[in-house]
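Engineer: Residue numbers (the working numbering): 9 to 254. Even glycine gets a Cβ: it sits at the ideal position worked out from N, Cα and C.
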Ligand SMILES: [Zn+2]
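Structural data, given as structure tokens:
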């Protein structure tokens with residue numbers, strides 16, 4: 009039974025997914041027995057661009073007539089037929105910041121198990137936005153800075169997946185972040201001492217994704233504001249605290 013559907017190249021110019029698959033194939037990783045991979049956006053991958061007609065991660069559930077709208081329907085249908093226990097998605101960013109996990113529902117039991125199996129400390133909880141979480145509630149994405157892509161990272165992700173499949177956890181403090189708004193380009197210019205994932209007094213928020221090229225191209229915003237809750241090992245007590253913060 010396929011437990012994990014791994015979506016790679018949702019954004020065609022982000023190489024974490026293809027590199028991870030190549031690494032696992034080269035190692036003849038046993039994890040592959042429990043996984044299926046889907047190349048989400050082959051046209052954008054071959055052109056080495058984020059997307060060709062519409063951002064795939066904004067094209068789910070909208071019935072768009074674009075190439076990415078079609079791909080969203082193909083992926084949605086694959087999820088419907090395969091019924092994977094967990095959907096993983098792999099992204100990279102040109103911003104300098106820690107490796108993070110992203111999910112839309114931290115209270116989802118499968119999502120919590122994956123988060124607890126991962127060595128990644130920081131977890132960003134996002135609102136669904138016609139991204140793949142629209143069609144896959146049991147969803148976790150990796151968001152890794154380009155500068156961190158290497159075999160040690162791929163091995164770490166394989167170890168995360170292996171622990172998840174074996175039902176093992178990493179007992180460590182984790183920080184859950186919520187997006188509270190965007191950072192405008194002029195706010196980035198006027199603030200001092202900005203460092204992604206470090207609280208900034210001038211901003212009165214934790215900045216994230218500053219330096220992301222895709223946002224510079226967009227031009228309307230430079231990054232995101234976050235707020236954080238630190239937690240040790242998730243349990244009932246933690247769940248209560250998190251529910252209060254929603
Ligand atoms: Zn991406």
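Using beta-carbon positions only, say whether residue 234 and residue 185 come within less than 9 Å of one another.
Structural biologist: Here residue 234 corresponds to residue number 226 of the chain shown, with the count starting at 1. Here residue 185 corresponds to residue number 177 of the chain shown, with the count starting at 1. Contact flag set, yes.
Engineer: Helix, strand or coil for residue 146? Go by DSSP, reduced to three states.
Structural biologist: Taking the chain shown and counting its residues from 1, one reaches residue 146 at position 138. It is coil, neither helix nor strand.
Engineer: Taking only the alpha-carbon atoms, compute the straight-line gap between residue 194 and residue 209 and give it to the nearest angstrom.
Structural biologist: Numbered from 1 along the chain shown, position 186 holds the residue referred to as residue 194. Numbered from 1 along the chain shown, position 201 holds the residue referred to as residue 209. Computed Cα separation, rounded: 16 Å.
Engineer: Could you say which of 223, 11 and 216 lies nearest to residue 96 if we only look at CA atoms?
Structural biologist: Sequence index remark: in the chain shown, residue 96 carries index 88 (1-based). Nearest C-alpha to residue 96: 11.
Engineer: What ranges does the beta strand (DSSP E) occupy inside the region 140-218, keeping only unbroken runs of at least 3 residues that lie completely in it?
Structural biologist: Qualifying beta strand (DSSP E) stretches, in chain order: 147-153, 182-191 and 214-216.
Engineer: DSSP three-state call for residue 39: helix, strand or coil?
Structural biologist: Counting from one through the chain shown, the residue named residue 39 turns up at place 31. Residue 39 falls in the helix class under three-state DSSP.
Engineer: Identify the continuous beta strand (DSSP E) that holds residue 132 and give its terminal residues.
Structural biologist: Reading the chain shown from its first residue, position 124 is the one you call residue 132. Here the beta strand (DSSP E) through residue 132 covers 130-133.
Engineer: Could you pull out every residue in the same chain whose Cβ sits closer than 7 Å to the Cβ of residue 198, ignoring the five residues on either side in sequence?
Structural biologist: On the chain shown, position 190 is the one that residue 198 refers to. Nothing listed; no residue qualifies.
Engineer: How long is the line joining the alpha carbons of residue 126 and residue 165, rounded to whole angstroms?
Structural biologist: Position 118 of the chain shown holds residue 126. Position 157 of the chain shown holds residue 165. Taking the straight line joining both Cα atoms gives about 8 Å.
Engineer: Where do the ends of the beta strand (DSSP E) carrying residue 113 lie?
Structural biologist: As a working note, residue 113 is residue 105 in the chain shown. Premise fails: residue 113 is in no beta strand (DSSP E) and is neither H nor E.
Engineer: Residue 79 to residue 20, Cα distance in whole Å?
Structural biologist: Residue 79 sits at position 71 when you count from the first residue of the chain shown. Residue 20 sits at position 12 when you count from the first residue of the chain shown. Straight-line Cα distance between these residues: approximately 13 Å.
Engineer: Skipping 5 residues on each side, what residues in its chain have a beta carbon closer than 8 Å to that of residue 103?
Structural biologist: Here residue 103 corresponds to residue number 95 of the chain shown, with the count starting at 1. The answer, listed in chain order, is 153, 204, 216, 217, 218, 219, 220 and 231.
Engineer: Does DSSP classify residue 237 as helix, strand or coil?
Structural biologist: As a working note, residue 237 is residue 229 in the chain shown. Note: residue 237 maps to strand in three-state DSSP.
Engineer: At what residues does the beta strand (DSSP E) containing residue 14 begin and finish?
Structural biologist: Taking the first residue of the chain shown as 1, we reach residue 14 at position 6. Residue 14 -> beta strand (DSSP E) spans 12-16.
Engineer: At the 9 Å Cβ level, is residue 61 part of the contact set with chain C, yes or no?
Structural biologist: Looking for chain C here will not work: only one protein chain is present.
Engineer: Near residue 70, which residues of its chain fall below 6 Å by C-beta distance, leaving aside the five closest residues on each side in sequence?
Structural biologist: Locating residue 70 in the chain shown gives position 62, counting from the first residue. Here the set comprises 138.
Engineer: Compare the beta carbon distance of residue 75 and residue 62 with 9 Å and say whether it is the shorter of the two.
Structural biologist: Counting from one through the chain shown, the residue named residue 75 turns up at place 67. Counting from one through the chain shown, the residue named residue 62 turns up at place 54. Going by C-beta atoms, residue 75 is nearer than 9 Å to residue 62.
Engineer: Compare the beta carbon distance of residue 46 and residue 86 with 9 Å and say whether it is the shorter of the two.
Structural biologist: As a position in the chain shown, residue 46 is number 38, starting the count at 1. As a position in the chain shown, residue 86 is number 78, starting the count at 1. In this structure, residue 86 lies closer than 9 Å to residue 46 by Cβ.
Engineer: Given the structure, does residue 76 come close to ligand 1, in the sense that its CB is under 8 Å from one of the ligand's heavy atoms?
Structural biologist: Within the chain shown, the letter at position 68 stands for residue 76. Answer for residue 76: no, Cβ out of range of ligand 1.
Engineer: Between which residues of its own chain and residue 129 is the CB-CB distance below 8 Å, once the five residues before and five after are set aside?
Structural biologist: As a position in the chain shown, residue 129 is number 121, starting the count at 1. Only 106, 180, 181, 182 and 183 meet the Cβ criterion.
Engineer: So is residue 92 buried or exposed if we call it buried at 16+ other beta carbons inside 10 Å?
Structural biologist: Here residue 92 corresponds to residue number 84 of the chain shown, with the count starting at 1. The residue is buried, with at least 16 neighbouring Cβ atoms inside 10 Å.
Engineer: Since residue 148 contacts residue 109 with CB under 8 Å, what's their CB separation in whole angstroms?
Structural biologist: Translated into the one-based positions of the chain shown, residue 148 becomes position 140. Translated into the one-based positions of the chain shown, residue 109 becomes position 101. That pair is a contact at about 6 Å.
Engineer: Return the residue from the list 207, 27 and 22 that minimises the CA-CA distance to residue 162.
Structural biologist: Stepping through the chain shown from its first residue, residue 162 is reached at position 154. Considering only alpha carbons, the answer is 27.
Engineer: Between residue 40 and the rest of its own chain, which residues show a CB-CB distance below 8 Å, the 5 nearest in sequence each way excluded?
Structural biologist: What you label residue 40 is simply residue 32 of the chain shown in a count that begins at 1. Within the same chain, residue 40 has close Cβ partners 32 and 33.
Engineer: Could you tell me the boundaries of the alpha helix (DSSP H) in which residue 57 lies?
Structural biologist: As a first step, residue 57 must be located in the chain shown, where it is residue number 49. Looking at the DSSP string, residue 57 is not in any alpha helix (DSSP H), and its letter there is neither H nor E.
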